[in-house]
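Numbering (my numbering), first residue to last: 12 to 157.
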């Protein structure tokens with residue numbers, strides 16, 4: 012990590028859509044509202060990774076849920092750890108609602124968004140790919156009764 016760079020923790024919020032699929036929740040970047048990203052932030056004193064994931068997801072996206080699998084992916088130059096977060100509830104008013112938009116996206120739409128940012132933010136595509144791999148396996152287990 013570079014001087015002054017801190018490890019960030021974040022989430023890929025998702026919800027099931029019927030028995031056949033899922034959507035992911037993306038938020039707009041404060042630096043460039045036309046870019047869609049996932050919630051993340053730095054750890055506070057006396058906080059663990061899961062606590063920072065829950066806090067940042069609620070502050071930035073206005074949703075709460077349960078932290079699940081850690082997502083394994085590699086991106087050069089970024090020091091961040093991401094987790095799946097199954098969304099259980101959302102609020103209409105949240106801390107950063109004036110600074111960010113939030114949008115539920117199908118997997119296909121999210122990959123299109125990630126592809127548009129591949130040059131500047133390759134980690135968005137990489138973490139999305141890792142999330143989809145895990146969620147596809149969960150769907151397969153549901154289909155087979157496992």
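The C-beta atom is built at its ideal place from N, Cα and C for all residues, glycine as well.
- Within the segment 89-121, the runs of beta strand (DSSP E) that reach at least 3 residues and sit entirely inside it are, in chain order, 91-101, 113-117.
- For residue 24, the beta-bridge partners assigned by DSSP are 96.
- Scanning 112, 58, 152, 140 for the CA closest to the CA of residue 42 turns up 112.
- Under the three-state reduction of DSSP output, residue 151 falls in the helix class.
- Under the three-state reduction of DSSP output, residue 38 falls in the strand class.
- Per the C-alpha coordinates, the member of 147, 52, 26 positioned closest to residue 18 is 52.
- Going by DSSP, residue 80 is part of no alpha helix (DSSP H) but of the beta strand (DSSP E) stretching over 74-82.
- Per DSSP, reduced to three states, the secondary structure at residue 53 is strand.
- Judged by beta-carbon spacing, residue 92 lies beyond the 8 Å limit of residue 24, meaning their Cβ atoms are not closer than that value.
- Residue 107 and residue 55 do not touch by the CB rule: their CB atoms are close to 16 Å apart, not below 8 Å.
- Contact between residue 96 and residue 124 does not hold, since the beta-carbon distance rounds to 18 Å and is not under 8 Å.
- Of the candidates 66, 83, 129, 84, 66 places its Cα closest to the Cα of residue 105.
- DSSP lists no beta-bridge partner residue for residue 135.
- Nearest to residue 114 by C-alpha distance, out of 131, 132, 49, is 49.
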